[in-house]
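Q: Numbering (the working numbering), first residue to last: 2 to 104.
1) Rounded to the nearest angstrom, what separates residue 77 and residue 49 at their Cα positions?
2) Per DSSP, what kind of secondary structure is residue 56 in: helix, strand or coil?
3) By Cβ distance below 6 Å, which residues in the same chain neighbour residue 51 in space, the five residues on each side in sequence not counted?
4) Using the C-alpha atoms, what's the distance from residue 64 back to residue 56?
5) Looking at the unbroken beta strand (DSSP E) that takes in residue 36, where does it start and where does it end?
6) Assuming residue 93 is part of the beta strand (DSSP E), what are its boundary residues?
7) Can you list, in chain order, the residues of its chain whose CB lies under 8 Å from that of residue 92, leaving out five sequence neighbours each side?
8) Confirm, please, whether the CB-CB distance from residue 90 to residue 34 is below 8 Å.
Here is the structure:
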């Protein structure tokens with residue numbers, strides 16, 4: 002299998018996984034009171050994808066986002082593709098400390 006075929010196959014598999022994750026997120030959904038931590042990522046030469054992780058506390062939301070990023074990075078590395086990520090500050094519906102940088 003050549004690299005182009007592998008990249009194409011990974012992109013399709015990755016899109017399926019992301020679609021499944023999106024469906025799950027829509028079903029489970031973030032409530033209006035959840036902390037939402039967004040991030041955008043890029044696998045190989047694919048375009049940037051904006052997504053989010055949410056939970057009822059800032060710590061849980063950040064941990065979930067970090068776990069999601071770790072999983073996506075692992076899958077990209079297994080396929081031999083580059084992985085870039087940009088974290089976006091978490092959104093707190095109650096105001097709180099959402100202006101602080103996120104790790």
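We put the beta carbon where it would ideally sit given N, CA and C, even for glycine.
A: Well, looking at it:
1) On the chain shown, residue 77 is found 76 positions in, with the first residue counted as 1. On the chain shown, residue 49 is found 48 positions in, with the first residue counted as 1. Using only the alpha carbons, I get a separation of about 14 Å.
2) Walking along the chain shown from the start, residue 56 turns up at place 55. It is a strand residue.
3) The residue labelled residue 51 in the question sits at position 50 within the chain shown. Once the five neighbours on either side are set aside, the close Cβ partners of residue 51 are 41.
4) The residue you call residue 56 lines up with position 55 of the chain shown. The residue you call residue 64 lines up with position 63 of the chain shown. Residue 56 and residue 64: Cα-Cα distance of roughly 9 Å.
5) By 1-based counting over the chain shown, the position of residue 36 is 35. Per DSSP, the continuous beta strand (DSSP E) segment holding residue 36 begins and ends at 36 to 44.
6) Counted from its first residue, the chain shown places residue 93 at position 92. In the DSSP assignment, residue 93 falls outside any beta strand (DSSP E) and carries neither an H nor an E.
7) The residue you call residue 92 lines up with position 91 of the chain shown. Once the five neighbours on either side are set aside, the close Cβ partners of residue 92 are 36, 37, 38, 39 and 99.
8) Stepping through the chain shown from its first residue, residue 34 is reached at position 33. Stepping through the chain shown from its first residue, residue 90 is reached at position 89. Result no, Cβ atoms of residue 34 and residue 90 do not sit closer than 8 Å.
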